Structures are given as C-alpha cells and as structure tokens.
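Data block below; observations after.
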Amino acid sequence: MQKNTILEQLKEEIGNFKAENKREKVGNVIEVFDGVVRVSGLSDLKASEMVTFPNGVQGVALNLEEESVGIIVLGDYTNIREGDEVKSTGAILELPVGEGLIGRVVNALAQPIDGRGVAQTTKNYPIERVAPGVITRQSVDQPVQTGIKAIDALIPIGRGQRELIIGDRQTGKTAIAVDTILNQKGQDMICVYVAIGQKDSKVRKIETRLREGGAMDYTIIVSAGASDPAALQYIAPYAGVSIAEFFMDQGKDVLIIYDDLSKHAVAYREISLLLRRPPGREAYPGDVFYLHSRLLERACRRNSDYGGGSITALPIIETQAGDISAYIPTNVISITDGQIFLETDLFYKGIRPAVNVGNSVSRVGSSAQIKAMKKVAGTLKLDLAQFRELEAFSQFGSDLDEATKKQLERGRRAVELLKQPQYSPVPVMNQVISLYALTRGLMDDVTLDKIREFEAGLTEYAQSHAKKFLAEVREKGMWSDEGEAEIRKVIEEYKGVFLK
Amino acid sequence: MQKISPKILASALHAATKGQTATESAQTVKSFVNILVKKRMIGKSEEVIEAYRKLTLDEKGIVEAEVTTSHPLANEAEENIKKFIKKEFGAKDVEIHHKLEESLLGGMKLKVGDTIVDGTLKGRLTQLQRELTK
C-alpha cells in the first residue's frame, strides 16, 4: 500500500519533470593548487560568481584574468583533475538561512554538521552584502550585558557596537565570548558564534557548554575547522554575518563572535598567495584591511524606520607575545569601536578575567550603560588607574599618609571584586549592588581575602531583602534616591551579620 | 617586464602580415620567430599558432563547434547542426569536430567556444536526479 503510493508519487514527479537544453558557459581546469584552481574559458564570469565542478563541489571566482579565472573550491578539492569541466551558474554565492538554524552547528555553507538532521531554512541570503548605509543607522544606546563585572562596569558594550577582544593565547578570550553568550538568556538576543580555524574538539566543548547552560536555544555555531580548506575558513565569518542579518532583518538584536580573525587573515593570505596576488607587509595581500573592514562594517544598529534590529560584533584577535602593533591587530583595532585587552601577566597573577583596564576602551558603549551602572561605576576606572600608579610608587617606601593608604586599600578591593570565575555571569543588578558597596566605601572594613565571600553572601541576601531595588534596576535600569537608601540599608544590615 | 600573452603576439603578427604577398609574409614570419627566440618566448610558439588560427577563423566568421554524441552522426544531422549553429551564433560557416562518447547514452552535446548546449540522455538523467534529491 505505502510502497504503491511512493511509486505513484515518484511516477508523478518524473512525469512532471521537464528537461531543458540549457545553454551553459563552461571552462576547463588548467591548474589545481591547494583549494585554489585556475580555469580557462568561462569568459562571461562575474566576480564572486558561483561555479560547479563535475563532482558537485562548488567554487567561487575570485580572480578574473585575461585568459583564465582563479577559483576557490568550497569543499573537497582532492578529486578535481586537470581538464575537468567547470560550469558557471550565473548566481552569486548564497546561503540558506532561517529560524531552523538556531541551536545548530553548521559549516561555512550553512549545512548542519552536528548530526541532528536537516535544518529548516526559509530564505537565501548572499554571503557578501553591502553594509547598511548612513541613513538606515542609529546611534548605539542599548547595552549588551556580558555578565562580566570588569566589562560591564568599565568597558561597556552597546547593541550594534564592534568591540575587539585581543590578547595572547591562553588568556581567556574565548571564555569572555562564551560567558557573554551564556548571559544572553532572556535578554532577547540571538547569538552567532563563528569558529574560524579552531580545533573541532574546542568547538565541540563550547557547544556542549552552551547546551548545558541552555544557551543553544538562541545560539548558532558556524564552524570552519582547522582541517577545513582555507576557502571555507575565508568565507565563514561572512556566512555568519549573513545568518545574523537574517535575524536583524526581522528586527531582532544579534550578537556575533568571530573566533578568531587572525586565523581568518591567515586563511585569506594563503588563498591570495596561491592566486598569485602580490604579497605586502607580513606577506598579507594589500586588501587585508578591506577584508576585515567590510566584514565588521556589517555590524550596526538600524533605526526603526528601516526595521530596527542590530548586530553587535565581538571579533577576537590573537597576538604573539603581547605584540599589539603587528599588522592584523592594528588593523582590527582601528576598525572596531574599542578593545578588551587581555594580558598573560594578569592571568597568572590570578586576576581573571585578565582584562587590562588601562589599555581597554569602549568608544561608544558608555552611552549605552544603564543609569544605575553609570552611577556606581562612574569613577571606578579612574580609581583603578590611580591605584595602579600609587601601587607602583608605594613599592619604594612604606611611609604613606592615611589618604594614600586608604586609596590603595580601596584599589586592592576593586581588583579583588572584579575577579570572576569562568561560566558564571553576574546579572547586572547584582553587579550594581556589589559595585555600589565598593565605590561608596562600604567594603573598606571587610578584609581583602573575605571580599569575594562577602560579595557572594551580599548578593544572596539582597535577593530576598532588596526586591524592590532589584526589580527597579532590572526593568528600568533606573537609579532613584529611595532605591539608593534601600540598598545602602541592606548592605549595612548584611555587613553587620557578616562581620560578627 | 610584463609577460606578453600569446594572444597579443598572434594579433601583432596578424596585423603585420595583413595585405602582404606570400614572399613578404614569409619574411615577416621569419623575423617574428627571431623576435620570439630573442625574447625567449619560442616555447610559447604552439599557443601563438593556435591563437593565430582562432584569429583568422574569427575574421572569416567561421565558428568551431565540438559535437559529442553516443552514436555516429548521419550526414543530414550534421547539416542540421551546422544550420542551427549558424542561426544561433551568427556564424558564416561552421567547422565541426566530431567526437564519440558512448557514456552519453543518447542525444548530443554541442560546444561552441565557452558555451555548451547539453542535450544528452546522460545530462537529462543527472538533471532528473538533482530534481528528485532536492
């Protein structure tokens, strides 16, 4: 019975099928390099047009020359032979996008690689798209809560901002990104994590971690692993931002993380050199700046006349031995709206996240900070900077006046308070309470080694004793005199219990 | 120094020999070959000859077509193909190169320059396969 219906369906489909004798443009493979082929013919090919190889693998035309075209192969290039017929498709490279991608791990062509079956997609989006223009944009004025105290208080990030995370290997760059995704639960944000040239084991680890934290309900992972061809690593971030644009076009806020753009630049360098483009500084091609600027320019906040929505980008750059004046780091620093600078020294001193507050900036984020946070964290950055200077100075002598001693003590407490273990984002209202206690001197009589204990206890105590204040901050982000009085009372009450 | 492509060389030679008598053009070709040797480009001579041939064909409005079929072509079929190409590609005359390839199963494949018209059974089956597995 069922067999018959299937047969009928097949018959019908075959009956409906009409073959057409299409005119197609073809060329022949002349040379095959690693992931790059040179093809003769294909005279009417457009730049970045898609082509297909005999075994169904796709390619994209990158170099159009007099006698031949340079094509990058998006997939397995080991079966391509000299003389193979290459067909042009007339289409620009596109990706299937849709709600069905949420919770999935996909490759650079948006094909699922997590073994969870087909992803339901609704539309096709081109991989390369011109960034939204001037009139469609709006200034950044809403915060992205990363849940990391040091960042939310000192280097605030706004929706639509591009904030670089930069540091040596093993300084916790990915940790910051993952924590930020974890903290977006219930914040009305779609997250896209683009892994470029990462170990597949690391991607798997992140996926597992996000799934445990319930973050895969709003997250998509785009992965072009270390063993994937350079061509896929090159298009992965563009694929990621195309997926992000799909959600932005529905008026949603999207957070996209590129982990990391140094490897992206390396993949692009490989392709460029194989295509015989002239090498420049550090052997990168001349357009490596444009490579990243056109990618990051697609992060934006659109005004409501043009559908609203935003894309916040957190690119990651890995430096070698703290050298931020290398080619790619300086490029990306100049493109982004600020950077979070992570340092090995701080990391091994136990200051984690190892954010160097002095070198980190956020050029647009402060206007996106909520009022309450602005109120309590306003002077924190300056205090910390002064503390650094005093600390260095005070190492030479022990005769310090009372005021200096006090400032040093306060600074040490601030550093202690900004420490935070991995995978434990702090909601913004709790951050406000602890920072209030710190900046108003209410923690001065708590000993240094007890600070974190005090903070944890205070947070818990406030959950049940300062409900009104917490609700006010959570919902309106506001700061009122009554609220301040309430929280001050709560902190002092708790301190009474704690110090006893 | 930038490399000179065989195409440019061929068109230069073509322009130089235009309107010359047989003896004159023989002399021109000789000095042309001398230049190639001097510029160490004599290795490219085959490509130059090929480019030159294409150039002369172009000038006369002759189109080269590659016809691949699974079975030998009948005479009238060849005439029909020629007619078709003349109409479709605006050619004055057609030079047909015929190839046999049994794996095509039936029908024929036509290749003119970069353009391919695939009317083979094999091509249609692949199309059907793509349609069904979509």
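Going down the list, the sequences are from chains A and B.
Residues are numbered in our numbering as their position in the first sequence, beginning at 1, plus a constant of 54.
Residues are numbered in our numbering as their position in the second sequence, beginning at 1, plus a constant of 1.
Think of the CB as a built atom: it goes at the ideal place given N, C-alpha and C, for glycine as much as any other residue.
Values in this document were obtained by computation on a predicted structure and should not be read as measured data.
Interfacial residues, the segment 91-115 of chain A to chain B, with Cβ spacing under 7 Å: GLY95, LEU96 and SER97
THR176 (chain A) versus TYR247 (chain A): straight-line alpha-carbon distance, rounded: In the first sequence, the residue the question calls residue 176 (chain A) occupies position 122. In the first sequence, the residue the question calls residue 247 (chain A) occupies position 193. Cα to Cα, THR176 (chain A) sits roughly 21 Å from TYR247 (chain A).
ARG352 (chain A) classed as buried or exposed, judged by whether at least 16 other C-beta atoms fall within 10 angstroms: Here the question's residue 352 (chain A) lines up with position 298 in the first sequence. Classification of ARG352 (chain A): buried, given that the 10 Å Cβ count is 16 or more.
Residue-level contact to chain B via CB, ARG33 (chain A), 7 Å cutoff: With chain A covering only 55 through 554, there is no way to say anything about residue 33 (chain A).
For LEU328 (chain A) and VAL85 (chain A), the rounded distance between their alpha carbons: As a first step, residue 85 (chain A) must be located in the first sequence, where it is residue number 31. As a first step, residue 328 (chain A) must be located in the first sequence, where it is residue number 274. One point to set straight first is that residue 85 (chain A) is Glu, not Val, in the sequence displayed. Near 11 Å, if we compare the C-alpha coordinates of LEU328 (chain A) and GLU85 (chain A).
Proximal residues, the segment 91-106 of chain B versus chain A, C-beta separation under 8 Å: none
8 Å contact criterion, which ILE370 (chain A) and TYR292 (chain A) should meet: CB distance rounded: On the first sequence, position 316 is the one that residue 370 (chain A) refers to. On the first sequence, position 238 is the one that residue 292 (chain A) refers to. Actually they do not touch by this definition, with Cβ atoms about 16 Å apart.
Cβ-based contacts, 7 Å cut-off: residues of the segment 150-183 of chain A near chain B: none
Any chain A beta carbon closer than 7 Å to THR116 (chain B): By 1-based counting over the second sequence, the position of residue 116 (chain B) is 115. So yes, THR116 (chain B) belongs to the interface.
Chain-ordered neighbours of ARG352 (chain A) on chain B, where CB pairs are closer than 8 Å: The count along the first sequence starts at 1 and reaches residue 352 (chain A) at position 298. What ARG352 (chain A) touches in chain B: nothing, since even the nearest Cβ is about 30 Å away.
Cβ-Cβ distance between LEU122 (chain B) and LEU106 (chain B) below 7 Å: Taking the first residue of the second sequence as position 1, residue 122 (chain B) is located at position 121. Taking the first residue of the second sequence as position 1, residue 106 (chain B) is located at position 105. A contact, by the Cβ cut-off of 7 Å.
Continuous beta strand (DSSP E) stretch holding GLU148 (chain A): start and end: As a working mapping, residue 148 (chain A) is identified with position 94 in the first sequence. From DSSP, the beta strand (DSSP E) with GLU148 (chain A) extends over 148-151.
Per DSSP, cross-strand counterpart(s) of HIS318 (chain A): In the first sequence, residue 318 (chain A) corresponds to position 264, counting from 1. DSSP, once it has assigned bridges, lists no residue as partnering HIS318 (chain A).
Partner residues on chain B for GLY81 (chain A), Cβ-Cβ distance less than 8 Å: Position 27 of the first sequence holds residue 81 (chain A). Neighbours of GLY81 (chain A) on chain B, chain order: ASP115.
Helix, strand or coil at MET270 (chain A) according to DSSP, with G and I counted as helix: Indexing the first sequence from 1 puts residue 270 (chain A) at position 216. Of the three classes helix, strand and coil, the one that applies to MET270 (chain A) here is helix, per DSSP.
Through-space distance from LYS317 (chain A) to VAL30 (chain B), alpha-carbon basis: Here the question's residue 30 (chain B) lines up with position 29 in the second sequence. Here the question's residue 317 (chain A) lines up with position 263 in the first sequence. So the alpha carbons of these two residues sit roughly 54 Å apart.
Whole-angstrom C-beta distance between ILE219 (chain A) and LEU368 (chain A), which should lie under 8 Å: Position 314 of the first sequence, counted from the first residue, corresponds to residue 368 (chain A). Position 165 of the first sequence, counted from the first residue, corresponds to residue 219 (chain A). Contact flag correct, Cβ pair sits at about 6 Å.
Own chain, CB closer than 6 Å to ILE545 (chain A), minus 5 neighbours either side, in chain order: The sequence position of residue 545 (chain A) within the first sequence is 491, counting from 1. These residues qualify, in order along the chain: ALA491 and LEU496.
Closer than 9 Å at the beta carbon, the chain A residues around ASP59 (chain B): Within the second sequence, the letter at position 58 stands for residue 59 (chain B). Under the 9 Å cutoff, chain A gives no residues; its nearest Cβ is about 14 Å from ASP59 (chain B).
Cβ-Cβ distance between ALA284 (chain A) and GLU324 (chain A) below 7 Å: Position 230 of the first sequence, counted from the start, is the residue given in the question as residue 284 (chain A). Position 270 of the first sequence, counted from the start, is the residue given in the question as residue 324 (chain A). A contact, by the Cβ cut-off of 7 Å.
Residue-level contact to chain B via CB, PHE71 (chain A), 7 Å cutoff: Within the first sequence, numbered from 1, the residue matching residue 71 (chain A) stands at position 17. It does; some Cβ of chain B falls within 7 Å.
Beta-bridge partners of GLU67 (chain B), as assigned by DSSP: As a first step, residue 67 (chain B) must be located in the second sequence, where it is residue number 66. Paired residue(s): B:HIS98 and B:LYS112.
DSSP state of ASP503 (chain A) mapped onto helix, strand, coil: As a working mapping, residue 503 (chain A) is identified with position 449 in the first sequence. In this structure, ASP503 (chain A) counts as helix in the three-state DSSP scheme.
One or two residues paired with ARG92 (chain A) in a DSSP bridge: Here residue 92 (chain A) is taken as the residue at index 38 of the first sequence, counted from 1. Paired residues: A:GLU85 and A:GLY124.
Spatial distance of ALA278 (chain A) from ARG223 (chain A) (CA atoms): Here residue 278 (chain A) refers to the residue found at position 224 of the first sequence. Here residue 223 (chain A) refers to the residue found at position 169 of the first sequence. Spanning the two alpha carbons is a distance of roughly 19 Å.
Backbone secondary structure at ASP437 (chain A) - three-state DSSP: Within the first sequence, residue 437 (chain A) is the residue found at index 383, counting from 1. Three-state result, ASP437 (chain A): helix.
CB contact check: ARG77 (chain A) to chain B, cutoff 7 Å: One-based indexing of the first sequence puts residue 77 (chain A) at position 23. Chain B, which has a Cβ nearer than 7 Å to the Cβ of ARG77 (chain A), makes this yes.
ASP391 (chain A) classed as buried or exposed, judged by whether at least 16 other C-beta atoms fall within 10 angstroms: Taking the first sequence and counting its residues from 1, the one referred to as residue 391 (chain A) is at position 337. By the 10 Å Cβ count, ASP391 (chain A) comes out buried.
One or two residues paired with GLN393 (chain A) in a DSSP bridge: As a working note, residue 393 (chain A) is residue 339 in the first sequence. For GLN393 (chain A), which the question treats as bridged, DSSP gives the partners A:LEU218 and A:VAL415.
Closer than 7 Å to chain A by CB, GLU67 (chain B): On the second sequence, position 66 is the one that residue 67 (chain B) refers to. Closer than 7 Å: no.
Counted within 10 angstroms of its Cβ, other Cβ atoms place THR433 (chain A) as buried (16 or more) or exposed: Working through the first sequence from its first residue, we reach residue 433 (chain A) at position 379. THR433 (chain A) should be labelled exposed.
GLU509 (chain A) versus A:ASP535, A:GLN474 and A:ALA539, residue with shortest Cα-Cα distance: In the first sequence, residue 509 (chain A) corresponds to position 455, counting from 1. Comparing Cα positions, the closest option is A:GLN474.
Touch test, the segment 470-489 of chain A against the segment 448-459 of chain A, Cβ-Cβ under 8 Å, three pairs minimum: no
Entirely enclosed alpha helix (DSSP H) segments - the segment 181-246 of chain A, minimum 4 residues: 203-208 and 227-236
C-beta atoms of VAL342 (chain A) and ALA319 (chain A) nearer than 7 Å: In the first sequence, the residue the question calls residue 342 (chain A) occupies position 288. In the first sequence, the residue the question calls residue 319 (chain A) occupies position 265. Result yes, Cβ atoms of VAL342 (chain A) and ALA319 (chain A) sit closer than 7 Å.
Proximity winner among A:TYR477, A:PRO166, A:HIS519 and A:VAL430, relative to ALA229 (chain A) (alpha-carbon distances): By one-based count along the first sequence, residue 229 (chain A) stands at place 175. Closest by alpha carbon: A:TYR477.
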